[in-house]
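Have a look at the structure below before the remarks.
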Amino acid sequence: MSVKVYIPTPFRKITGNRTFVDADGLDVNGVLRDLDQRFPGFGEMVFDGEQELLEHVNVYVNNHEITSLQGAETRVTDGDELAVIPAIAGGAGNAMTPEMVERYSRHLIMDQVGPLGQRKLIDGKVLAVGAGGLGSPVLVYLAAAGVGTIGVADFDVVDRSNLQRQIIHGTSDIGRLKVDSARDRILDMNPNIDVITHTSPLTSDNAMEIIPEYDVIINGADNFATRYLVNDAAFLAEKILVDGSIFLFEGQVTTFFPGQGCYRCLYPSPPPPGMVPSCSEAGVLGVLPGTVGAIQATEAIKVLLEQGEPLKNRLLLYDALAMDFRTVKIRRDPGCPLCGDAPTVTELIDYEEFCGSPFHEN
Ligand SMILES: [Zn+2]
Numbered sequence: 032m033s034v035k036v037y038i039p040t041p042f043r044k045i046t047g048n049r050t051f052v053d054a055d056g057l058d059v060n061g062v063l064r065d066l067d068q069r070f071p072g073f074g075e076m077v078f079d080g081e082q083e084l085l086e087h088v089n090v091y092v093n094n095h096e097i098t099s100l101q102g103a104e105t106r107v108t109d110g111d112e113l114a115v116i117p118a119i120a121g122g123a124g125n126a127m128t129p130e131m132v133e134r135y136s137r138h139l140i141m142d143q144v145g146p147l148g149q150r151k152l153i154d155g156k157v158l159a160v161g162a163g164g165l166g167s168p169v170l171v172y173l174a175a176a177g178v179g180t181i182g183v184a185d186f187d188v189v190d191r192s193n194l195q196r197q198i199i200h201g202t203s204d205i206g207r208l209k210v211d212s213a214r215d216r217i218l219d220m221n222p223n224i225d226v227i228t229h230t231s232p233l234t235s236d237n238a239m240e241i242i243p244e245y246d247v248i249i250n251g252a253d254n255f256a257t258r259y260l261v262n263d264a265a266f267l268a269e270k271i272l273v274d275g276s277i278f279l280f281e282g283q284v285t286t287f288f289p290g291q292g293c294y295r296c297l298y299p300s301p302p303p304p305g306m307v308p309s310c311s312e313a314g315v316l317g318v319l320p321g322t323v324g325a326i327q328a329t330e331a332i333k334v335l336l337e338q339g340e341p342l343k344n345r346l347l348l349y350d351a352l353a354m355d356f357r358t359v360k361i362r363r364d365p366g367c368p369l370c371g372d373a374p375t376v377t378e379l380i381d382y383e384e385f386c387g388s389p390f391h392e393n
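Residue numbers (the working numbering): 32 to 393.
Written out as C-alpha cells, the structure reads:
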C-alpha cells in the first residue's frame, strides 16, 4: 500500500528537506520500517532499542492518532496520509502548548484541520505584500489561524484616510510604520507566531532575497509595478501566489501555482499610466478589501492545509454592487514572456520603466 507521509521540521534533515514523502507498507509499523530503508537514520528517530515506537513520537493516520486506532498495527490503504510528529522540548518550535490547544480547539476538532493540519499552519510561512486594505484582513486571519511565520512588507506609514478600510490599524497608529502597527496588532491577537517586517520597498534588488523565504505570497499591492514585480519574483522562486485586487466596488482573486499560469498570462502588460486610476484617485468601498482579503487568506490557509480546491486556473470576480460572485477559467499562456514556452523574462526587470509609473504612487 502506498501512502503519503508528512515529515515535520525536526526530521526533514533526514528526508532531504522534503515535507512529504511516499512510503509503502501494510500497516503503520511497515510504513515506518520502509521509511527507515529509504531514509537511513529515520528508524533511530522513531524507535527505541526494543524497536517499539518512542513515547515522545506520535503517529497519525488520516489525522487520527494511532493509539485511538490499532497502534503500530493500524492497517493502511493506498492514498492514506500519515504524519510522524515528535514532541519538542520546552514548548518552543512547533510543539503545541495547552494554551495553543485551547486557542485552536475549533480547528483541532475539524477532520479537515485536526492536529496535523494545525501543525501545517504552525509550520507555514506566508508573506503579505502590503499592510493596507487587503493586507489587513489577510494578516489578522492568518495570525488568528496560527500561521507560524508571517511576513509583512510595506514601507508606508498609517494615514487617517487609510482607516476607512485598513482595519488592522487604529487612530492611535497614525504616523507609525504600517508594518509596526500591523505586527503589534497580530501579536496581540496571537503571541505564538513570528512576525517578520520588511520596511524597505520591494524592488528588483531585494525581492529575490525576501520572497524565497516564504511558502505562499499574498499580493495586496496597490500599484502595477509592485504587482508585476511580485508576480515575477514568485514565479522565479517557485512560490504559490495569491493575487487580489480591488477597484471601486469590484474585486478579483486568483491563485497562481508555479508553472501553471501567472499574472502576465492574464495581463501581459499593464495599462498605460493614468488609464486605470488608483484607489487614492478613484476611491474604494471600505468593506470591499475586507471581502477580497478574507478570500485571499482562505486560499493561503487551504494551500497550507492541502485541503479543497484553490482558485487555480480560475479568476474569481466579485461585484459588491450586484452582490455577484463568478469565476472564469484562466490558463497558462504558452506565449507568456515569463512562464511561457520561450520566456524572455528570466530575471527581475525594471518595473517602474515597464509600467511607466513609480512603485509608490500614493
Ligand atoms: Zn505567465
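No residue lacks a Cβ here, since even glycine has one placed at the ideal position from N, Cα and C.
query = Looking at residue 364 and ligand 1, is the gap between the Cβ and the nearest heavy atom below 7 Å?
reply = Along the sequence shown, read from residue 1 onward, the residue named residue 364 stands at position 333. With a threshold of 7 Å, the Cβ atom of residue 364 counts as near ligand 1, since some heavy atom of the ligand is closer than that.
ask   = So, using beta-carbon positions, are residue 297 and residue 342 closer together than 8 Å?
value = Taking the sequence shown and counting its residues from 1, the one referred to as residue 297 is at position 266. Taking the sequence shown and counting its residues from 1, the one referred to as residue 342 is at position 311. No, these two residues do not count as a Cβ contact at 8 Å.
ask   = CA-CA distance, residue 377 and residue 368?
value = Along the sequence shown, one-based indexing puts residue 377 at 346. Along the sequence shown, one-based indexing puts residue 368 at 337. Taking the straight line joining both Cα atoms gives about 9 Å.
ask   = With distances taken from CA atoms, which of 185, 184, 204 is nearest residue 192?
value = Sequence index remark: in the sequence shown, residue 192 carries index 161 (1-based). Closest option to residue 192, Cα to Cα, is 204.
ask   = Is the beta carbon of residue 254 less than 8 Å from the beta carbon of residue 261?
value = Taking the first residue of the sequence shown as position 1, residue 254 is located at position 223. Taking the first residue of the sequence shown as position 1, residue 261 is located at position 230. No, the Cβ-Cβ distance between residue 254 and residue 261 is not below 8 Å.
message = My parser needs the alpha helix (DSSP H) runs of 4 or more residues fully inside the segment 182 to 223; what are they?
response = Correct list: 209 to 220.
inquiry  = Could you check whether the Cβ of residue 346 sits closer than 7 Å to any heavy atom belonging to ligand 1?
reply    = Numbered from its first residue, the sequence shown carries residue 346 at position 315. No, the Cβ of residue 346 stays beyond 7 Å of every heavy atom of ligand 1.
message = Give the residues whose C-beta lies closer than 5 Å to at least one heavy atom of ligand 1, in chain order.
response = Going by the Cβ distance cut-off, the answer is 293, 295, 296, 367, 369, 370.
Short Cβ contact (8 Å threshold) for residue 323 with residue 246 = Position 292 of the sequence shown holds residue 323. Position 215 of the sequence shown holds residue 246. For residue 323 and residue 246, no; Cβs fall outside 8 Å.
message = Let me confirm a value: residue 229 is counted as buried when at least 16 other C-beta atoms fall within 10 Å, else exposed. Which label applies?
response = For this step, residue 229 is matched to residue 198 along the sequence shown. Here residue 229 is buried: its Cβ has 16 or more other Cβ atoms, across all protein chains shown, within 10 Å.
In DSSP terms, what residue 238 is bridged to = Within the sequence shown, residue 238 is the residue found at index 207, counting from 1. Partner(s): none; residue 238 has no beta bridge.
message = I need the straight-line Cα distance from residue 386 to residue 155, nearest angstrom please.
response = Taking the sequence shown and counting its residues from 1, one reaches residue 386 at position 355. Taking the sequence shown and counting its residues from 1, one reaches residue 155 at position 124. Looking at the two C-alpha atoms, the distance is approximately 32 Å.
query = When the cut-off is 8 Å and only beta carbons count, does residue 149 lie next to chain C?
reply = Of the protein chains in this structure there is only one, and it is not chain C.
inquiry  = If contacts are defined as beta-carbon pairs under 8 Å, then residue 220 and residue 171 qualify, I think. What distance do you get, rounded to the angstrom?
reply    = Within the sequence shown, residue 220 is the residue found at index 189, counting from 1. Within the sequence shown, residue 171 is the residue found at index 140, counting from 1. Contact between residue 220 and residue 171 holds, since their C-beta atoms are separated by about 7 Å, short of 8 Å.
task = Label residue 258 either buried or exposed according to how many other C-beta atoms from any shown protein chain fall within 10 Å of its C-beta, with 16 as the threshold for buried.
result = Residue 258 sits at position 227 when you count from the first residue of the sequence shown. The residue is buried, with at least 16 neighbouring Cβ atoms inside 10 Å.
task = Tell whether a beta-carbon distance below 8 Å holds between residue 107 and residue 187.
result = One-based indexing of the sequence shown puts residue 107 at position 76. One-based indexing of the sequence shown puts residue 187 at position 156. Going by C-beta atoms, residue 107 is not nearer than 8 Å to residue 187.
request  = Measure the beta-carbon distance from residue 165 to residue 277 and round it to whole angstroms, keeping in mind my assumption that it falls under 8 Å.
outcome  = Indexing the sequence shown from 1 puts residue 165 at position 134. Indexing the sequence shown from 1 puts residue 277 at position 246. The Cβ separation is near 7 Å, so the contact holds.
task = Give me the Cβ distance between residue 266 and residue 351, rounded to the nearest whole Å; I'm assuming they're in contact under 8 Å.
result = Within the sequence shown, residue 266 is the residue found at index 235, counting from 1. Within the sequence shown, residue 351 is the residue found at index 320, counting from 1. The Cβ separation is near 30 Å, so there is no contact.
key: C-alpha distance - residue 159 paired with residue 34, whole-angstrom precision   = Residue 159 sits at position 128 when you count from the first residue of the sequence shown. Residue 34 sits at position 3 when you count from the first residue of the sequence shown. Roughly 33 Å separates the two Cα atoms.
Nearest to residue 162 (by Cα), restricted to the options 182, 153, 143, 151 = Within the sequence shown, numbered from 1, the residue matching residue 162 stands at position 131. Nearest C-alpha to residue 162: 182.
inquiry  = Quick check: the Cα distance between residue 109 and residue 200, rounded to an integer number of angstroms?
reply    = In the sequence shown, counting from the first residue as 1, residue 109 sits at position 78. In the sequence shown, counting from the first residue as 1, residue 200 sits at position 169. One C-alpha to the other measures close to 48 Å.
ask   = Grouping DSSP H, G and I as helix and E and B as strand, with all else coil, what is residue 154?
value = The sequence position of residue 154 within the sequence shown is 123, counting from 1. Helix.
request  = Could you tell me the distance, in whole angstroms, from the CA atom of residue 408 to the CA atom of residue 388?
outcome  = This structure gives no information on residue 408, because the portion of the chain shown stretches from 32 to 393.
Cβ neighbours of residue 120 in the same chain (closer than 7 Å, five flanking residues each side left out) = Within the sequence shown, numbered from 1, the residue matching residue 120 stands at position 89. Residue confidence is low: residue 120 scores 46 on pLDDT, short of 50, so the model does not pin down where it sits. Its coordinate-derived value is still stated next. Within the same chain, no Cβ atom closer than 7 Å to the Cβ of residue 120 is found once the five residues on either side in sequence are excluded.
request  = List the residues that DSSP assigns as beta-bridge partners of residue 233.
outcome  = The count along the sequence shown starts at 1 and reaches residue 233 at position 202. Per DSSP, none; premise fails for residue 233.
task = Could you please give the first and the last residue of the uninterrupted beta strand (DSSP E) stretch that includes residue 360?
result = Residue numbering aside, residue 360 sits at position 329 when the sequence shown is read from its first letter. In the DSSP assignment, residue 360 falls within the beta strand (DSSP E) that extends over 355 to 360.
request  = Less than 8 Å between the CB atoms is what I'm expecting for residue 113 and residue 77, so what's the real figure, rounded?
outcome  = By one-based count along the sequence shown, residue 113 stands at place 82. By one-based count along the sequence shown, residue 77 stands at place 46. Their Cβ separation, rounded to whole angstroms, is 11 Å, which puts residue 113 and residue 77 out of contact at 8 Å.
request  = For residue 210, count neighbouring C-beta atoms within 10 Å of its own C-beta (all shown protein chains included) and say buried if the count is 16 or more, exposed if not.
outcome  = Residue numbering aside, residue 210 sits at position 179 when the sequence shown is read from its first letter. Residue 210 is buried by the Cβ-count criterion.
key: Nearest neighbour of residue 329, chosen from 69, 36, 86, 272 [CA to CA]   = Position 298 of the sequence shown, counted from the start, is the residue given in the question as residue 329. Comparing alpha carbon positions, the residue from 69, 36, 86, 272 closest to residue 329 is 272.
request  = Report all residues from its chain with a CB closer than 8 Å to the CB of residue 337; omit the five preceding and five following residues, and keep chain order.
outcome  = One-based indexing of the sequence shown puts residue 337 at position 306. Excluding residues within five positions, the ones whose Cβ falls inside 8 Å are 151.
key: Three-way DSSP call (helix, strand, coil) for residue 333 in this model   = Along the sequence shown, one-based indexing puts residue 333 at 302. Reduced to three states, the DSSP call for residue 333 is helix.
CA-to-CA distance, residue 184 to residue 231, given in whole angstroms = Translated into positions along the sequence shown, residue 231 becomes position 200. Translated into positions along the sequence shown, residue 184 becomes position 153. Each residue's Cα considered, the two are about 8 Å apart.
message = With a threshold of 7 Å on Cβ separation, who are the neighbours of residue 65 within its own chain once the five nearest residues in sequence on each side are excluded?
response = The residue given as residue 65 occupies position 34 in the sequence shown. Only residues of its own chain outside the window of five on either side were considered, and among them 54, 55, 56 have a CB closer than 7 Å to the CB of residue 65, listed in chain order.
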